[in-house]
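Notes to accompany the following structure.
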Amino acid sequence: MEQATPDPERLWQPAPLEPLSHPDAGLESMVGEETKGARDEGPGDGTMTENNFSLKKIEISVSEAEKRTGRNAMNMQETYTAYLIETRSVEHNDGQSVLTDSLWRRYSEFELLRNYLLVYYPHIVVPPLPEKRAEFVWHKLSADNMDPDFVERRRIGLENFLLRVASHPILCRDKIFYLFLTQEGNWKETVNETGFQLKADSRLKALNATFRVKNPDKRFIELKHYSDELQSVISHLLRVRARVADRLYGVYKVHGNYGRVFSEWSAIEKEMGDGLQSAGHHMDVYASSIDDILEDEEHYADQLKEYLFYAEALRAVCRKHELMQYDLEMAAQDLASKKQQCEELATGTVRTFSLKGMTTKLFGQETPEQREARIKMLEEQIKEGEQQLKSKNLEGREFVRNAWADIERFKEQKNHDLKEALISYAVMQISMCKKTRLGVQMLRSCM
Amino acid sequence: MSGGPPKALPSTGPQSLRDMPHPLAGSSSEEAVGGDSTPSPDLLTARSFGDKDLILPNGGTPAGTASPASSSSLLNRLQLDDDMDGETRDLFVTVDDPKKHVCTMETYITYRITTKSTRVEFDLPEYSVRRRYQDFDWLRNKLEESQPTHLIPPLPEKFVVKGVVDRFSEEFVETRRKALDKFLKRITDHPVLSFNEHFNVFLTAKDLNAHKKQGMALLTRVGESVKHVAGGYKLRNRPLEFAAIGEYLDTFALKLGTIDRIAQRIIKEEIEYLVELREYGPVYSTWSALEGELAEPLEGVSACIGNCSTALEELTDDMTEDFLPVLREYILYSDSMKSVLKKRDQVQAEYETKLEAVALKKEERPKVPADVEKCQDRMECFNADLKADMERWQNNKRQDFRQLLMGMADKNIQYYEKCLMAWESIIPLLQEKQEAK
């Protein structure tokens, strides 16, 4: 079973760090200044941990994307995009940053990292990756993974992912994560050597399988329900938003047709000519403004998408609890049945049906020695079972405690981030209205 | 008017002429136009009925507005001089109060026509009659017949495809009323047409049908003679200015047609956009129901989008009601003007042909025969009338379109301001810090 607490082997402390005074503090990471287009409100805003110690800060950025060709596992040529990850350490006092590491990774490596984190930190709401394929696309936007706009938005998404991990109090200390940032070659092998795939519980992936759990923690049931609803509502929102964008595009572009006809009309007019020319010009400007507007809105859609995928991660934690609880209940049930069997053998009464009992009836009683042997075996199993049950119970409770702590942290983060997203969306709308209004006012004054 | 109990449509109700703004002033004068813009002095907003003082004898604009040198104020002077010969207005006509009449044979709408005048041609200072569309149609035909050398303003389209447009819907009736009002006001403004006796009858007669039956037609000399012009003469030299007018009208109508099609397309796209917006807003509401701290902000966004949707709906309605009808009206106008130009060509052609015939006949006395003189007379009158009307038309067209485009600009500004208000008002809501639980 996976452990709820981080394995000391997987933690890391880079050498240059000064001793931490706060046991829970991780590395503080900040949005790199170099990265244009990175989200303005970085996750490492100091909302997670309180840092009141002297420490070299780390800046992580995914600064470039590059098309590459190579050979895949089946020795076929493939084209993929590689992303440059740069890590800088910042002097706390003077803010100067020094490039400490720089390497290239592709999307599949990010996926590998995340899958690893999911296995080893099942009680953590693991930050999601940006989408693998473009979805919720309105028609003008390309669904092609090689499209430069998509690549750019993905670059930002990947950076965001790394920043989220780096600012998480527990995840940031993971060694594999550290190596992801620092060790280009051989990293894949290192991850695979951890054997995490074997440790993975395949039942987690089986979304539809139901496990009859008698006593789940009610909060997790509610939370799972919430995460399902959240996924559903955000998906709906993104779908409709894409249609809205599509229609808005149409409205703006049709206005562009005015440009030419107003210009032609102005040619036959005397006094009205100038006014009509301005009208035509304004229409052209208006029609072309939609591209920027929708690009900005795509940014908002990406922020929503992150939380769509976060809902999935939330659900996974709830699921994990369910499975642990199920295993616990199964183990308890098994133990109870073994105890009963033992008791029956000892007292000679057969209350429960067992194949051994059946065969004994049919083929004759077993010898006292055989019975003794069986009782002994059962007693050992019961002892083992009681130990296991105890540790499972402990694990379960620890899981609930740790998971709930992270869930509370996540809730705060979610409320903060989504509020910020809504604010920036409103600001976007306001600026668009003001700009367009100004254009119309200017047109009016020309008439 | 005949008919059963009239079904009253909600109308503006009886208004004194003093309260009603001048029709050419347009709607922008009735309500505040955005916060920023002040009504331009070039608009005829100053010319409201009650404000006779503002219309100075020399056609100047009210003091404190445009500088005398501005071309538009010069235009105003030109127009007033043209129409009034230096006098103030003495004829006011308004169309309002549409009412539905349900009879056994048919259902139709009548409009109230109110006339106020000090002219001697009117027995009473004030008249109020009810007319229906066919009466307007009759009037127009009569004017075309009796004043063939003049440009007669267009009527809104006669036929509407049943099933596609509801002839009795508020929007349709209102659009038609505005167009009919404009029609009568254009005639009122015309120095010749406004004195036409059919017009007089239309405005004053208690029973118009009786008049129609009588078929009174005291035509002017030119009118009668032009009426009888046979077609089929070939024109030699169309004077440059009339050729230019013809070409202008062709291109003008073409461009307006294109604009009309684009505008219709825009309205269609906007309606489809609106459909999606109406689904988009409520999703935020659904989300809000799941959340705690985010509930209010999300609900706020939902309401905001709802407000923007409503504002867009209003803008789209305005385009349909105010913008499209004017485009169509001018297209119709151009068409009728083109036919008047053709008639003029015919008159000229007849004259030229007759003149040529005379020139060939060497026996004729050098004196030009009477009927050729008559033709020349006809032609010259026609040309003069047409020229004057064209100038008047150009001025009106400029004003109408200026007003139209500015009006549309204003509506758009209002739309953006409504949206701005909605979004700006939720910023504080979004930024609100929740009390620690």
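The listed protein sequences correspond, in order, to chains A and B. Per the numbering used here, the first sequence starts with residue 938, numbered consecutively. Per the numbering used here, the second sequence starts with residue 8, numbered consecutively. Every residue gets a Cβ at the ideal spot worked out from N, C-alpha and C, and that includes glycine. Since the model is a prediction, treat every value here as computed from it, not as a measurement.
Asked: DSSP three-state label for K1276/A, please.; Found: helix
Asked: Should N403/B be flagged as near chain A, meaning a C-beta pair shorter than 8 Å?; Found: no
Asked: Which same chain residues, not among the five before or five after V1337/A, have their C-beta less than 7 Å away from its C-beta?; Found: D1154, H1258
Asked: Please check the pair D1038/A and T1119/A, which I expect to be a contact at CB under 8 Å, by giving their CB distance rounded to whole angstroms.; Found: 5 Å
Asked: For H1173/A, return the contacting residues in chain B, with the cut-off set at a CB-CB distance below 8 Å.; Found: V290, T293
Asked: Look up K1372/A in the DSSP assignment and say whether it is helix, strand or coil.; Found: helix
Asked: Identify, in the order they occur along the chain, each residue of the same chain with its Cβ nearer than 7 Å to the Cβ of D1221/A, setting aside the five sequence neighbours on each side.; Found: G1193, G1196
Asked: Is there a Cβ of chain A sitting closer than 8 Å to that of A260/B, yes or no?; Found: no
Asked: Applying a beta-carbon distance threshold of less than 7 Å, which residues of chain B neighbour I1386/A?; Found: The structure shown does not extend to residue 1386/A, since chain A is modelled only from 938 through 1384, so no value can be given for it.
Asked: Grouping DSSP H, G and I as helix and E and B as strand, with all else coil, what is S1164/A?; Found: helix
Asked: Using a Cβ-Cβ distance cut-off of 8 Å, determine whether K1356/A contacts chain B.; Found: yes
Asked: Mind checking if Q1378/A is an interface residue toward chain B, Cβ cutoff 8 Å exclusive?; Found: yes
Asked: The segment 1362-1376 of chain A: which residues have C-beta closer than 8 Å to a C-beta of chain B, in chain order?; Found: Y1362, A1363, V1364, Q1366, I1367, C1370, K1371, T1373, R1374
Asked: Using a Cβ-Cβ distance cut-off of 8 Å, determine whether H1060/A contacts chain B.; Found: no
Asked: Could you list the residues in the segment 306-336 of chain B with a C-beta less than 7 Å from some C-beta on chain A, going in chain order?; Found: V308
Asked: With a threshold of 8 Å between beta carbons, is H1218/A in contact with chain B?; Found: no
Asked: Out of V1364/A, A1358/A, R1090/A, point me to the one whose CA is closest to L301/B's CA.; Found: A1358/A
Asked: Can you tell me whether DSSP reads K418/B as helix, strand or coil?; Found: helix
Asked: Ends of the alpha helix (DSSP H) at R147/B?; Found: 140-153
Asked: Just how far apart, CA to CA, sit K1242/A and L305/B?; Found: 16 Å
Asked: Rounded to a whole number of angstroms, what is the C-alpha to C-alpha distance between T1131/A and R1051/A?; Found: 14 Å
Asked: Tell me which residue opens and which closes the beta strand (DSSP E) that L1021/A is part of.; Found: 1014-1027
Asked: Tell me which same chain residues have a C-beta within less than 6 Å of the C-beta of A260/B, skipping the five on either side of it?; Found: I338, S341
Asked: Considering just the uninterrupted stretch of the alpha helix (DSSP H) at D352/B, what are its terminal residues?; Found: 331-367
Asked: For C382/B and chain A, any beta-carbon pair shorter than 8 Å?; Found: no
Asked: Counting along the chain, where does the alpha helix (DSSP H) carrying V1088/A start and finish?; Found: 1085-1103
Asked: Comparing alpha-carbon positions, which option in K1069/A, R1005/A, I1022/A, V1056/A lies nearest I995/A?; Found: I1022/A
Asked: Counting C-beta neighbours from all protein chains within 10 Å, is the total for L1375/A 16 or more, i.e. buried, or is it exposed?; Found: exposed
Asked: Taking only three categories from DSSP, how would you classify A1238/A?; Found: helix
Asked: Please check the pair V1188/A and E286/B, which I expect to be a contact at CB under 8 Å, by giving their CB distance rounded to whole angstroms.; Found: Wrong, their Cβ atoms sit about 16 Å apart, outside the cutoff.
Asked: With C-beta atoms as the reference, is L1282/A less than 8 Å away from I1312/A?; Found: yes
Asked: Between the alpha carbons of T95/B and S124/B, how many angstroms are there, rounded?; Found: 12 Å
Asked: Looking only at C-alpha atoms, which of R351/B, K189/B, Q353/B, D378/B sits nearest to A364/B?; Found: D378/B
Asked: What is the DSSP secondary structure of A1010/A, counted as helix, strand or coil?; Found: coil
Asked: What residue does the beta strand (DSSP E) around F99/B start on, and which one ends it?; Found: 98-109
Asked: Please report the straight-line C-alpha distance between H1101/A and L1185/A, rounded to a whole angstrom.; Found: For the record, residue 1101/A in the displayed sequence is Arg; it is not His. Using only the alpha carbons, I get a separation of about 34 Å.
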